[in-house]
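Worksheet for the structure shown next.
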Amino acid sequence: MNYQIEKKDLPALLQQWMQSAQVFAPVENGSFTKFKTLSDVDKLALDGPHNTRYPPKALFLPQSEVLLKYQDRDFAAITLDKQQQIVFGIRPCDASAVALLDTVFDDQDYPDPYWKTRREQIILVGLGCAEPAETCFCTTVGSGPFDKTGLDILATPLEDVYTLEAITEKGSRLLEGLPALANDYHEQMLATQNNALDYLNPVLETDGIKDKLYAIFESGYWQQVSQACLGCGVCTFLCPTCFCFDIVDETQRGERVRNWDTCMFRVYSQEASGHNPRPTRSERTRQRIMHKYAYWLDHIDQIGCTGCGRCVRYCPVGIDIREIIRDARAWREA
Ligand code: SF4
Ligand code: SF4
Numbered sequence: 253m254n255y256q257i258e259k260k261d262l263p264a265l266l267q268q269w270m271q272s273a274q275v276f277a278p279v280e281n282g283s284f285t286k287f288k289t290l291s292d293v294d295k296l297a298l299d300g301p302h303n304t305r306y307p308p309k310a311l312f313l314p315q316s317e318v319l320l321k322y323q324d325r326d327f328a329a330i331t332l333d334k335q336q337q338i339v340f341g342i343r344p345c346d347a348s349a350v351a352l353l354d355t356v357f358d359d360q361d362y363p364d365p366y367w368k369t370r371r372e373q374i375i376l377v378g379l380g381c382a383e384p385a386e387t388c389f390c391t392t393v394g395s396g397p398f399d400k401t402g403l404d405i406l407a408t409p410l411e412d413v414y415t416l417e418a419i420t421e422k423g424s425r426l427l428e429g430l431p432a433l434a435n436d437y438h439e440q441m442l443a444t445q446n447n448a449l450d451y452l453n454p455v456l457e458t459d460g461i462k463d464k465l466y467a468i469f470e471s472g473y474w475q476q477v478s479q480a481c482l483g484c485g486v487c488t489f490l491c492p493t494c495f496c497f498d499i500v501d502e503t504q505r506g507e508r509v510r511n512w513d514t515c516m517f518r519v520y521s522q523e524a525s526g527h528n529p530r531p532t533r534s535e536r537t538r539q540r541i542m543h544k545y546a547y548w549l550d551h552i553d554q555i556g557c558t559g560c561g562r563c564v565r566y567c568p569v570g571i572d573i574r575e576i577i578r579d580a581r582a583w584r585e586a
């Protein structure tokens, strides 16, 4: 069912939600925006040219998190707060990324209790992208500026109104009591969504990309595309679908901690013997691209990139994954 709320009434709605739930939303954070617990609705930052720099995956998989505490031979599990949480303003590319990561962390045989607990208590209220940024390419990878994957509610911004579509039961319950969507707004909503799609066309061609990447696995292509890479890891830390982590024992604190890690770091794949199966930038770049555009397809038949454009925007040397994919398709060994 579709509902509506006037933009001027949104702060009051969020304040109402804040009385019974912890609400996260994009807020100003220096020169960028970031998802934080909302305490002051005046700090809401919904109208930026693109999504938050820091990906909302951190709400489910914190950059650093204590898994358990121990002393001598005893250990204590970490109990996560059971509290209703609402994420307002997550973009469809980032919600799709959460759904992709569910396939990793909410595995039927080996579910991750930390991820699962957070996921179960969070309601995702998406904000569709009426004016996608130049770096967005979600339609290329099977998503879209108003894609509903992973969302409980999808909001569409019109001039003075947000339309709110309840997608799940959780979403329906949250919207109970709001006015139903008027017919005029329904038409405007469809027009807004179609305009955004037109803006993103034409899409980058990805047909056959997996086979092509396997075919050029041993080629000189990777050396060429990785030459400028600094190995800083920004592209992977900011990526909403990257999930590599390392687990370390902080023995002085008696804590076992999970930290984000990245395959773009040289030591990531270094083994205890000193051998490193990916010793060069070329192999590490290849791993990053193969994982997203070949291995994810092998595992769940989906590309592991949602086209959010963060790696394009924030790579300090301008390496653009869209060019890597485009050029890979055209690559012929000299
Ligand atoms: S952000 Fe750019 S320079 Fe840094 S690791 Fe990624 S591709 Fe390399
Ligand atoms: S690979 Fe780049 S564009 Fe794709 S989801 Fe990750 S950060 Fe976004």
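The sequence shown lines up with residues 253 to 586 when you count with this note's numbering.
All C-beta atoms in this analysis are idealised placements derived from N, C-alpha and C, irrespective of residue type, glycine included.
Here the structure is a predicted model, which is why all the values come from computation and not from measurement.
9 Å Cβ cutoff met for residue i and residue j
i           : j           : result
residue 492 : residue 346 : yes
residue 402 : residue 350 : yes
residue 263 : residue 299 : no
residue 420 : residue 445 : no
residue 312 : residue 357 : yes
residue 576 : residue 552 : no
residue 546 : residue 462 : yes
residue 338 : residue 274 : yes
residue 254 : residue 438 : yes
residue 473 : residue 583 : yes
residue 479 : residue 533 : yes
residue 507 : residue 321 : yes
residue 548 : residue 352 : yes
residue 305 : residue 433 : no
Spatially closest choice to residue i from the options, by CA coordinates
i           : options               : result
residue 535 : 545, 414 and 521      : 521
residue 500 : 468, 318 and 367      : 318
residue 323 : 375, 502 and 403      : 502
residue 400 : 392, 563, 348 and 556 : 348
residue 335 : 305, 374 and 311      : 374
residue 266 : 412, 289 and 332      : 289
residue 387 : 539, 255, 325 and 562 : 562
residue 509 : 516, 565, 295 and 497 : 497
residue 316 : 571, 569, 495 and 584 : 495
residue 291 : 309, 307 and 271      : 271
residue 579 : 476, 367 and 516      : 476
residue 488 : 546, 565 and 455      : 565
residue 340 : 504, 543, 585 and 414 : 414
residue 376 : 422, 365 and 363      : 422
residue 307 : 320, 321, 332 and 276 : 276
residue 309 : 574, 253, 370 and 360 : 370
residue 268 : 361, 410 and 428      : 428
residue 417 : 257, 581 and 574      : 257
residue 455 : 397, 354 and 321      : 397
residue 517 : 449, 486, 447 and 321 : 486
residue 378 : 344, 353, 411 and 355 : 344
residue 483 : 460, 296 and 515      : 515
residue 468 : 527, 362, 287 and 539 : 539
residue 585 : 571, 464, 314 and 380 : 464
residue 385 : 406, 278, 449 and 364 : 449
According to DSSP, residues forming a beta bridge with residue i
i           : result
residue 277 : 288
residue 316 : 511
residue 499 : 510
residue 405 : 377 and 418
residue 296 : 279
residue 342 : 378
residue 264 : Residue 264 pairs with nothing; no bridge assigned.
residue 432 : 255
Environment of residue i [buried if 16+ CB atoms lie within 10 Å]
i           : result
residue 453 : exposed
residue 327 : exposed
residue 537 : buried
residue 259 : exposed
residue 302 : buried
residue 330 : exposed
residue 391 : buried
residue 333 : exposed
residue 568 : exposed
residue 459 : exposed
residue 519 : exposed
residue 404 : buried
residue 443 : exposed
Proximity test, residue i beta-carbon vs ligand 4 heavy atom, cut-off 8 Å
i           : result
residue 562 : In the structure on display, ligand 4 does not appear, and the ligands it does have are ligand 1 and ligand 2.
Residue i - DSSP class collapsed to helix/strand/coil
i           : result
residue 463 : helix
residue 411 : coil
residue 254 : strand
residue 322 : strand
residue 569 : coil
residue 456 : coil
residue 337 : strand
residue 480 : coil
residue 225 : In the structure as shown, the chain starts at 253 and stops at 586, and residue 225 therefore has no counterpart that could be examined.
residue 351 : helix
residue 448 : helix
residue 580 : helix
residue 385 : coil
residue 546 : helix
residue 426 : helix
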